[in-house]
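Visitor: Line by line, the protein sequences give chains C and Y. Residue numbering for the first sequence follows our numbering, starting at 18 and increasing by one per position. Residue numbering for the second sequence follows our numbering, starting at 76 and increasing by one per position. Can you read through this structure? Questions will come right after.
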Amino acid sequence: MGLLNFLKKKRRQPAISNEDRGILVFENTSEVIQAENLLAREDRSIRVMGPPPEIRTGCDLVIEFPLIEALEIIRTLESKNVYPLKAVPVTGALLEPVDIFFTRDYGRFLMVQAANMKLTVEKASSTVVNVSGGGCPDVPYLASEMVGKTLDAAPAPRSIGHTLCGYALQLAYEEMKRKCSQ
Amino acid sequence: MFAVVGTVPDKDFPLVCEPAALSDGKLIVGDCQIPINRGTPALLASALQAGEYFGAPPPTACLVGDIGTGAGSRKLYAYLEQTLSRLEFSSLTFHYIQPDVDWHKRLLSAIDQMPNRPRLIADAGFMYAAKMSGQAGVYEIFTPDIGELAFLADPDAPHPFYTRGFIFHEPERVPDLIAQAYASGNAARCLLVKGKTDVAANASGVIKTISEPVVPAMEAIGGTGDIITGLVAAFTAMAYDSLSACIYASKIARMAGAIAKPNPGSQVTDIIHKIPLALRQFF
């Protein structure tokens with residue numbers, strides 16, 4: 018059904034700016050169709066299309082989506098056991114997420130930065146004391162939900178965030194948990 | 076009169092567009108009382124502190140609840156598209172709004188219909204949208220941190236999460252990144268790059284660096300960048316030129332931080348409360 022929709026709508030796609038769009042890559046076409054159906058049911062702004070040449074790795078269909086919503090969209094798919102191989106920007110399918118961590122030890126406090134997001138905890142209690150950086154509207158929300166709670170009690174950014182900034186904070190959160198468990 | 080456009084991290088917060096005030100440590104907009112923890116409320120609180128010190132009129136706050144789904148942001152985009160042509164502001168500061176290139180373009184069209192074109196300032200998500208849309212040049216001021224500067228300098232990066240060459244804490248690269256951002260048309264007329272050393276720049280390159288006083292804990296405190304952008308907005312509304320507004324904002328934020336003597340666990344409100352004292356010492 019999803020694939021049929023794609024074929025029917027192929028000539029009627031509205032003009033969409035691609036600067037802020039991403040591509041979800043899947044193992045096979047069946048997963049593309051499942052994903053399209055799941056996301057269309059949520060009225061997401063998506064479309065099925067052919068992959069750019071640089072990521073043509075087998076499945077000949079990908080799903081284009083609003084890149085900023087990556088975290089929320091992947092959570093939706095994974096909740097239904099549909100797992101994209103990767104999510105990449107349309108503007109540069111070979112761009113990789115920033116994956117370098119920076120750590121600053123303030124003595125009583127430890128800060129971990131992943132991409133544009135920083136997470137700071139009080140070491141003795143493992144309490145999240147600050148979330149900083151980022152520019153997406155879930156950053157203040159994530160901060161309000163996490164600050165004042167221990168790492169174990171605070172919600173994982175992956176579970177309540179929605180955007181790429183939330184995704185970056187998840188990486189910082191995982192790295193912080195790893196460091197605090199050492 | 077200037078306006079600040081942004082979000083509140085509460086999905087049920089209504090769309091409001093009214094003059095803002097401070098009362099009992101809360102931001103007041105219309106009938107709404109908003110905690111000043113971080114984000115756009117922290118930006119507005121900082122701008123209000125500066126405005127009150129100088130007896131300047133308060134900003135109009137155009138706010139909506141959004142926890143990152145973008146639903147609130149889209150309501151705000153639509154509201155502004157419908158109303159901006161009837162409004163008059165000396166400047167518009169855009170902040171934590173879901174980046175959306177199509178809505179960004181529509182909003183710029185609406186701004187073109189305003190009776191007098193305001194100076195445009197962008198930070199956070201809206202700066203991302205401005206860069207991605209290829210229309211950064213219509214903005215007067217961007218206030219990126221170093222990571223966001225690397226994003227502006229990378230013509231292909233759609234978000235700071237996907238920025239090539241993003242190396243942490245290499246301030247010596249800032250002049251090159253500024254030059255690249257201007258060369259690729261992804262910078263506003265003036266940049267204030269926030270970091271251990273703040274850098275005010277324009278298309279000619281670095282104009283001024285501000286590195287004193289040093290308050291290392293501020294890097295960890297959420298909302299310190301919002302203080303700077305709020306002060307930039309306030310000084311711009313007082314008719315300071317853009318570079319001066321950026322330089323004064325950087326200096327006052329640092330001084331307020333030094334007065335507050337924060338640790339990495341302090342909250343941004345601890346610093347915002349010290350802005351009047353910093354202004355008194357500086358001016």
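Glycine is no exception: its CB is placed at the ideal position from the N, C-alpha and C atoms.
Tell me, please, whether the CB atom of HIS234 (chain Y) is closer than 7 Å to any CB atom in chain C?
Guide: Yes - at least one Cβ of chain C is within 7 Å of the one on HIS234 (chain Y).
Visitor: Touch check for the region 88 to 100 of chain C and the region 113 to 133 of chain C: three-plus C-beta pairs under 8 Å?
Guide: No: the two stretches stay apart, fewer than three of their Cβ pairs being nearer than 8 Å.
Visitor: Starting from VAL274 (chain Y), follow the beta strand (DSSP E) in both directions and report where the run begins and ends.
Guide: Counting along the chain, the beta strand (DSSP E) containing VAL274 (chain Y) begins and ends at 273 to 277.
Visitor: Buried or exposed: GLY340 (chain Y), going by 16 or more other Cβ atoms within 10 Å of its Cβ?
Guide: That one is buried.
Visitor: Could you tell me which chain C residues have their CB closer than 8 Å to the CB of GLN173 (chain Y), listed as they occur along the chain?
Guide: Here the neighbours are ILE85, CYS153, PRO154 and THR180.
Visitor: Since PRO237 (chain Y) and ALA199 (chain Y) should fall inside the 8 Å C-beta cutoff, what is the C-beta to C-beta distance between them, to a whole number of angstroms?
Guide: Reading off the sequence shown, one finds Tyr at residue 237 (chain Y), where the question assumed Pro. Contact doesn't hold; Cβ gap of about 17 Å is too wide.
Visitor: Hey, does LYS196 (chain C) have any beta-carbon neighbour from chain Y nearer than 7 Å?
Guide: Output row for LYS196 (chain C): interface = no.
Visitor: Give, in chain order, every residue of the region 80 to 113 of chain Y whose Cβ lies closer than 7 Å to some Cβ of chain C.
Guide: Listed by position along the chain: THR82, PRO84, ASN112 and ARG113.
Visitor: ASP87 (chain Y) by DSSP, collapsed to three states: which one?
Guide: DSSP places ASP87 (chain Y) in coil when its eight states are reduced to three.
Visitor: Examine chain Y for any beta-carbon lying closer than 7 Å to the beta-carbon of MET163 (chain C), and answer yes or no.
Guide: No, MET163 (chain C) lies away from the interface with chain Y (no Cβ there is under 7 Å from its Cβ).
Visitor: Is it right to say THR144 (chain C) is buried, meaning 16 or more other beta carbons lie within 10 angstroms of its own, or is it exposed?
Guide: Flag for THR144 (chain C) reads buried.
Visitor: Tell me which same chain residues have a C-beta within less than 8 Å of the C-beta of ARG194 (chain Y), skipping the five on either side of it?
Guide: Around ARG194 (chain Y): SER165, SER166, LEU167, GLU215, ILE216, THR311 and SER317.
Visitor: Just to make sure I have the definition right: I need the residues of chain C whose C-beta is within less than 8 Å of the C-beta of ASP220 (chain Y). Which are they?
Guide: What ASP220 (chain Y) touches in chain C: ASN133 and GLY150.
Visitor: Give every residue of the same chain whose Cβ lies closer than 7 Å to the Cβ of LEU55 (chain C), excluding the five residues on either side of it in the sequence, and list them in chain order.
Guide: So the qualifying residues of the chain are THR93, LEU94, LYS97 and VAL99.
Visitor: Classify ASP190 (chain Y) as buried or exposed, calling it buried when 16 or more other Cβ atoms lie within 10 Å of its own Cβ.
Guide: Here residue 190 (chain Y) is Pro; the residue named in the question, Asp, does not match the sequence. Exposed is the call here.
Visitor: Let me know the secondary structure DSSP gives ASP251 (chain Y) once reduced to three states.
Guide: It is helical.
Visitor: Could you check which residue in Y:ALA185, Y:THR158, Y:ASP251 and Y:ASN261 has the C-alpha nearest to that of SER208 (chain Y)?
Guide: SER208 (chain Y) has its Cα closest to that of Y:ASN261, out of Y:ALA185, Y:THR158, Y:ASP251 and Y:ASN261.
Visitor: Which term fits GLN342 (chain Y), buried or exposed, when burial requires 16 or more other beta carbons within 10 angstroms of its beta carbon?
Guide: GLN342 (chain Y) is buried by the Cβ-count criterion.
Visitor: For the alpha helix (DSSP H) that ILE201 (chain C) lies in, which residues bound it at each end?
Guide: Because residue 201 (chain C) is not part of the residues shown, which for chain C are 18 to 199, the question remains open.
Visitor: Assuming THR137 (chain C) contacts ALA295 (chain Y) under a Cβ cut-off of 8 Å, what Cβ separation, rounded to an integer in Å, is found between them?
Guide: About 4 Å separates the two Cβ atoms, so the contact holds.
Visitor: Taking contact to mean 3 or more Cβ pairs, one atom from each stretch, closer than 8 Å, check whether the region 146 to 155 of chain Y and the region 118 to 133 of chain Y are in contact.
Guide: Judged by Cβ distances under 8 Å, the region 146 to 155 of chain Y makes no contact with the region 118 to 133 of chain Y, as fewer than three pairs qualify.
Visitor: Could you check the C-alpha separation between VAL307 (chain Y) and THR46 (chain C) for me, to the nearest Å?
Guide: Approximately 51 Å between the Cα atoms of the pair.
Visitor: Here's the rule I'm using: 16 or more other beta-carbon atoms within 10 Å means buried, otherwise exposed. How should VAL289 (chain Y) be labelled?
Guide: Flag for VAL289 (chain Y) reads exposed.
Visitor: Quick one: grab the DSSP three-state call for SER317 (chain Y).
Guide: Here SER317 (chain Y) sits in helix by DSSP.
Visitor: What residues of chain Y sit near ASP60 (chain C), judged by a beta carbon separation below 7 Å?
Guide: By Cβ distance, chain Y contributes nothing, its closest Cβ being about 11 Å from ASP60 (chain C), past 7 Å.
Visitor: What first and last residue would you give for the alpha helix (DSSP H) that runs through GLN51 (chain C)?
Guide: That run of the alpha helix (DSSP H) goes 46 to 58.
Visitor: Please name the residue in C:LEU159, C:MET193 and C:ALA185 whose C-alpha comes closest to that of MET128 (chain C).
Guide: That would be C:MET193, whose Cα lies nearest to the Cα of MET128 (chain C).
Visitor: Return no unless some Cβ of chain C is closer than 7 Å to the Cβ of ASP141 (chain Y).
Guide: Yes, because at least one Cβ of chain C sits closer than 7 Å to the Cβ of ASP141 (chain Y).
Visitor: Short of 8 Å Cβ to Cβ, which residues in the region 284 to 304 of chain Y face chain C?
Guide: So the list reads PRO291, ALA292, GLU294, ALA295, ILE296, GLY297, GLY298, THR299 and GLY300, given in the order they occur along the chain.
Visitor: Could you have a look at PHE201 (chain Y) and say whether DSSP puts it in helix, strand or coil?
Guide: In this structure, PHE201 (chain Y) counts as helix in the three-state DSSP scheme.
Visitor: Do you know whose CA, among Y:GLU163, Y:TYR203, Y:ASP301 and Y:SER325, lies nearest TRP178 (chain Y)'s CA?
Guide: Considering only alpha carbons, the answer is Y:TYR203.
Visitor: Report, in whole angstroms, the separation of the C-beta atoms of ASP220 (chain Y) and GLN173 (chain Y), which I expect to be a contact under 8 Å.
Guide: About 19 Å separates the two Cβ atoms, so there is no contact after all.
Visitor: Thinking C-beta only, is GLN124 (chain Y) closer than 7 Å to ILE350 (chain Y)?
Guide: It is a contact, given that the beta carbons lie within the stated cut-off.
Visitor: Helix, strand or coil, according to DSSP, for ALA232 (chain Y) in the structure here?
Guide: Three-state result, ALA232 (chain Y): coil.
Visitor: Considering only their Cβ atoms, is the gap separating GLY150 (chain C) from LEU88 (chain C) smaller than 7 Å?
Guide: No, these two residues do not count as a Cβ contact at 7 Å.
Visitor: Provide the residue(s) that pair with ASP220 (chain Y) in DSSP beta bridges, ordered along the chain.
Guide: Answer by DSSP bridge pairing, in chain order: Y:LYS269.
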